[in-house]
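Okay, so here's the structure we're looking at.
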Amino acid sequence: MTRILHRSIGVALPHAASAQGVYITDTMGRRYLDGSGGAAVTSVGHAHPEVLAAMRSQIDNLCYAHTSFFTTDAAEELAEKLVDLAPEGLDYVYLVSGGSEAVEAALKMARQYFVEINQPQRRHIIARRQSYHGNTIGALATGGNAMRRQQFQPILPETHHVSPCYAYRDKGIDETPEAYAARLADELEAKILELGPDEVMAFVAEPVVGATLGAVASEADYFKRVRAICDKYGVLLILDEVMCGMGRTGTVFACEQDGVTPDIVTIAKGLGGGYQPIGAVMLSASIYASFANGSGLFQHGHTYLGHPVAAAAANKVVEIIARPETLANVNAMGARLQSGLEAALGAFPYVGDIRGRGLFRGIEIVADRESKVPFDPARKLHAKIKRQAMARGLVSYPMGGTIDGINGDHILLAPPYIIEASEIDLIIERIAESIDAAI
Ligand code: PLP
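Under the numbering used here, the first residue of the sequence shown carries the number 134, and numbering increases by one thereafter.
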């Protein structure tokens, strides 16, 4: 009997009791290897002594002070640290409590920017199909995940969507990555022209698509082309790094690998590493200046933004992420995960694609490798794989295909950055067994 409205009703969940490093233990004493960091949250591992000490010290001094009355050293230091690490051009930070809040704030920031600079007609948001930007109304409307949007469609504000960069399914056989990137950029430009170039506010995209497609990175110079189009029409580029940011793909910010700096970037998950709920929006100096020289405020806010204990935890998490040995491990273990998965699953007739960057890897499952036809969604294969993996002591993040039938079931693997080679090998062994057993 439970009094909680769980995500899935009627599913008996183990009770997590403790966690250490890359393992979570339940109240029955079973140990689970955290192969997906929950939902790509656990970045520096569970119970990291340095993070716990930073939180304890903050708790002993100050647990809360409302941000309309006070700032705190913890929040100021975190903002400073993030600006130091970010690509040049992201100069200010707005602290929130999670990913959806970050996306909502980013959208409102973009809108207020255009009001401040006297372009109030700019209101259209363009994002991509098969994307996920959060579950609150504005973030859900921005996302292009048809399944998640379906029943809420009538209450979502209007947004517009173009194709994602999804080479496995969309790039023509004879098309070069450059030509593919150019085709997608043309599609974005056509959408801007259709809506009216001076009426479009922002283009929103995940540098590496997480929850909807399973670790799909862009091809060639896709984001450089997107950046150029946004600049051409004065459209703000918002990159959503809630899932793929904070070291997950092997660089602190995922967009570093795409060679672009957005006007606004959202981060969360790995930023707090699961220790505290925290997210952030980073913005350019010109957006900041429009507020500072205009109305003098950002017309937004939540009770817990800039929470000092969350900021203290994130401060230490970010410090650990930025250490060269941490990112070196993400890259080395990520490469081991990729090649190990290819070796273990390459011969499976129902494994269509294995992809990703750093410790952010996706496996796409198909009914037929040649045609790439997905399994019937009614089979709920992803749910079976998840159950099989849990039974083998592995936390993974499988998801179903989108209801528009474009992609099939996929599994996201995103273990903590401190993972060791033997644990990577265990993930590979257990996920291979789980997929096999589920099919
Ligand atoms: N944006 C992206 C890219 C995400 O992957 C997610 C969550 O998975 C969100 C936003 C929403 O974050 P949260 O669940 O913290 O609200």
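The beta-carbon is built from N, C-alpha and C at its ideal position, and this holds for glycine as well.
The model shown is predicted, which means the values in this text are computed figures rather than measured ones.
>> Output needed for Ser-122: all residues of its chain with C-beta closer than 6 Å, excluding positions within five of it in sequence on either side, in chain order.
In response: Residue 122 lies beyond the residue range present for the chain, which begins at 134 and ends at 572; the question has no answer from this structure.
>> Using CA atoms only, rank isn't needed, just tell me which of Leu-211, Tyr-156 and Gly-479 is closest to Glu-452.
In response: Within the sequence shown, residue 452 is the residue found at index 319, counting from 1. The candidate whose alpha carbon is nearest that of Glu-452 is Leu-211.
> Going by alpha carbons, who is nearest to Ile-552 out of Asp-509, Thr-135 and His-181?
Replying inline: Mapped onto the sequence shown, residue 552 falls at position 419. Closest by C-alpha distance to Ile-552, out of Asp-509, Thr-135 and His-181, is His-181.
> Should the segment 503 to 521 be called in touch with the segment 419 to 430, which here means at least 3 C-beta pairs below 8 Å?
Replying inline: Contact fails: fewer than three Cβ-Cβ distances are below 8 Å.
>> When you compare the segment 453 to 465 with the segment 225 to 232, are there three or more beta-carbon pairs, one atom per stretch, that lie closer than 8 Å?
In response: Under the 8 Å Cβ criterion, the segment 453 to 465 does not count as touching the segment 225 to 232, having fewer than three qualifying pairs.
>> So within the segment 233 to 284, which uninterrupted beta strand (DSSP E) runs reach at least 3 residues, ignoring any that extend past its ends?
In response: Inside the segment 233 to 284, DSSP marks whole beta strand (DSSP E) runs of 3 or more residues at positions 257 to 261, from first to last along the chain.
> Going by the CB atoms, is the gap between Glu-320 and Val-295 shorter than 8 Å?
Replying inline: Position 162 of the sequence shown, counted from the first residue, corresponds to residue 295. Position 187 of the sequence shown, counted from the first residue, corresponds to residue 320. Yes, Cβ-Cβ distance for Val-295 and Glu-320 is below 8 Å.
>> Please return the same chain residues whose Cβ sits closer than 7 Å to the Cβ of Met-188, not counting the five positions on each side in sequence.
In response: Here residue 188 refers to the residue found at position 55 when the sequence shown is read from its first residue. If we look at Met-188 and ignore the five residues flanking it on each side, its Cβ neighbours are Tyr-408, Val-442, Ala-445 and Ala-446.
> With distances taken from each beta carbon to the nearest heavy atom of the ligand PLP, which residues come in below 6 Å, in chain order?
Replying inline: Taking a cut-off of 6 Å from the heavy atoms of the ligand PLP, the residues with a C-beta inside it are Ala-172, Gly-231, Gly-232, Ser-233, Val-236, Tyr-265, His-266, Gly-267, Glu-339, Gly-343, Ala-344, Asp-373, Val-375, Met-376 and Ala-401.
> Hey, would you say Leu-346 sits closer than 8 Å to His-543, going by beta carbons?
Replying inline: Against the sequence shown, residue 346 aligns to sequence position 213. Against the sequence shown, residue 543 aligns to sequence position 410. In contact: Leu-346 and His-543 (Cβ atoms closer than 8 Å).
>> Runs of 3 residues minimum, wholly inside the segment 478 to 548: which ones carry the beta strand (DSSP E) assignment?
In response: Runs of the beta strand (DSSP E) inside the segment 478 to 548: 484 to 490, 493 to 498, 530 to 532 and 543 to 546.
> Where do the ends of the alpha helix (DSSP H) carrying Gly-412 lie?
Replying inline: The residue given as residue 412 occupies position 279 in the sequence shown. For Gly-412, there is no enclosing alpha helix (DSSP H); the residue is part of the beta strand (DSSP E) that begins and ends at 412 to 416.
>> With distance defined between alpha-carbon atoms, name the residue in Arg-261, Ile-259, Ala-260 and Asn-278 nearest to Asn-268.
In response: The sequence position of residue 268 within the sequence shown is 135, counting from 1. In terms of CA proximity to Asn-268, Asn-278 leads the group Arg-261, Ile-259, Ala-260 and Asn-278.
> Looking at the structure shown, is Ser-151 part of a helix, part of a strand, or coil, going by DSSP?
Replying inline: Counting from one through the sequence shown, the residue named residue 151 turns up at place 18. In the three-state reduction of the DSSP assignment, Ser-151 falls in the strand class.
>> Below 8 Å on the Cβ atoms is my contact criterion, and I expect Val-528 with Ser-176 to pass it. Report the Cβ-Cβ distance as a whole number of Å.
In response: Looking up residue 528 in the sequence shown gives position 395. Looking up residue 176 in the sequence shown gives position 43. Not a contact, Cβ separation roughly 15 Å.
>> Contact criterion: CB-CB distance below 8 Å. Does Ser-555 meet it with respect to chain B?
In response: Considering every chain present, this structure includes no chain B. It has just one protein chain.
> Between His-179 and Gly-162, is the Cβ-Cβ spacing less than 8 Å?
Replying inline: In the sequence shown, counting from the first residue as 1, residue 179 sits at position 46. In the sequence shown, counting from the first residue as 1, residue 162 sits at position 29. In this structure, the beta-carbon distance from His-179 to Gly-162 does not fall below 8 Å.
> Do you know whose CA, among Glu-308, Ala-335, Thr-135 and Asp-354, lies nearest Leu-369's CA?
Replying inline: Mapped onto the sequence shown, residue 369 falls at position 236. Minimum Cα-Cα distance from Leu-369 among the listed residues Glu-308, Ala-335, Thr-135 and Asp-354 corresponds to Ala-335.
> Are the CB atoms of Arg-255 and Gly-383 nearer to each other than 8 Å?
Replying inline: On the sequence shown, residue 255 is found 122 positions in, with the first residue counted as 1. On the sequence shown, residue 383 is found 250 positions in, with the first residue counted as 1. Not in contact: Arg-255 and Gly-383 (Cβ atoms no closer than 8 Å).
> From this set, Phe-493, His-433, Cys-388 and Leu-404, which residue's C-alpha is nearest Ile-397's C-alpha?
Replying inline: Position 264 of the sequence shown, counted from the start, is the residue given in the question as residue 397. Among Phe-493, His-433, Cys-388 and Leu-404, the Cα nearest to that of Ile-397 belongs to Cys-388.
> Going along the chain, which residues of its own chain have a beta-carbon closer than 6 Å to the beta-carbon of Ile-557, five neighbours each way excluded?
Replying inline: Start at 1 with the first residue of the sequence shown, and residue 557 comes out as number 424. Excluding its 5 nearest sequence neighbours in each direction, Ile-557 has C-beta neighbours in its own chain below 6 Å: Met-466, Arg-469 and Leu-470, listed in chain order.
>> For the segment 353 to 366 against the segment 315 to 333, do three or more pairs of beta-carbon atoms, one drawn from each stretch, fall closer than 8 Å, so that the two count as touching?
In response: With the rule of 3 Cβ pairs closer than 8 Å, the segment 353 to 366 counts as touching the segment 315 to 333.
> Whose C-alpha, out of Pro-507, Lys-519, Ala-172 and Ala-571, is nearest the C-alpha of Asn-302?
Replying inline: Taking the sequence shown and counting its residues from 1, the one referred to as residue 302 is at position 169. Sequence inspection shows Arg at residue 302; the Asn mentioned does not correspond to that position. For the residues Pro-507, Lys-519, Ala-172 and Ala-571, the minimum Cα distance to Arg-302 belongs to Pro-507.
> Going by alpha carbons, who is nearest to Glu-327 out of Tyr-366, Lys-517 and Ser-141?
Replying inline: What you label residue 327 is simply residue 194 of the sequence shown in a count that begins at 1. Shortest Cα-Cα distance from Glu-327 to any of Tyr-366, Lys-517 and Ser-141 involves Tyr-366.
>> Looking at the strands, I want to know which residues DSSP matches up with Thr-158.
In response: Here residue 158 is taken as the residue at index 25 of the sequence shown, counted from 1. Beta-bridge annotation (DSSP): Thr-158 is paired with Ser-151 and Arg-164.
> DSSP state of Ile-454, grouped into three classes?
Replying inline: Your numbering for residue 454 matches position 321 in the sequence shown. In the structure shown, Ile-454 sits in a helix (DSSP, three-state: H, G or I).
> What are the start and end residues of the beta strand (DSSP E) that includes Asp-373?
Replying inline: Position 240 of the sequence shown, counted from the start, is the residue given in the question as residue 373. From DSSP, the beta strand (DSSP E) with Asp-373 extends over 369 to 373.
> Do the segment 493 to 501 and the segment 471 to 480 meet, that is, are 3 or more Cβ pairs less than 8 Å apart?
Replying inline: The segment 493 to 501, when compared against the segment 471 to 480, does touch it at the 8 Å Cβ threshold.
> Candidates His-257, Gly-232 and Ala-300: which alpha carbon is nearest Thr-331's?
Replying inline: Taking the sequence shown and counting its residues from 1, the one referred to as residue 331 is at position 198. In the sequence as presented, Thr is not what sits at residue 331; that position holds Asp. The candidate whose alpha carbon is nearest that of Asp-331 is His-257.
> Considering only the beta carbon of each residue, do Leu-223 and Thr-275 sit closer than 8 Å?
Replying inline: The residue given as residue 223 occupies position 90 in the sequence shown. The residue given as residue 275 occupies position 142 in the sequence shown. For Leu-223 and Thr-275, no; Cβs fall outside 8 Å.
> Start and end of the alpha helix (DSSP H) containing Phe-114?
Replying inline: Not covered by the structure: residue 114. The range shown for the chain is 134 to 572.
> Grouping DSSP H, G and I as helix and E and B as strand, with all else coil, what is Met-188?
Replying inline: As a first step, residue 188 must be located in the sequence shown, where it is residue number 55. Residue state, collapsed to three classes: helix.
> Which whole runs of the beta strand (DSSP E) in the segment 303 to 348 are 3 residues long or more, in chain order?
Replying inline: The qualifying runs are 333 to 338.
> What whole-angstrom Cβ distance do Pro-236 and Asp-373 have, given they're in contact under 8 Å?
Replying inline: Numbered from 1 along the sequence shown, position 103 holds the residue referred to as residue 236. Numbered from 1 along the sequence shown, position 240 holds the residue referred to as residue 373. Residue identity check: residue 236 is Val in the sequence provided, not Pro. At roughly 6 Å, the Cβ-Cβ gap stays under 8 Å, so Val-236 and Asp-373 are in contact.
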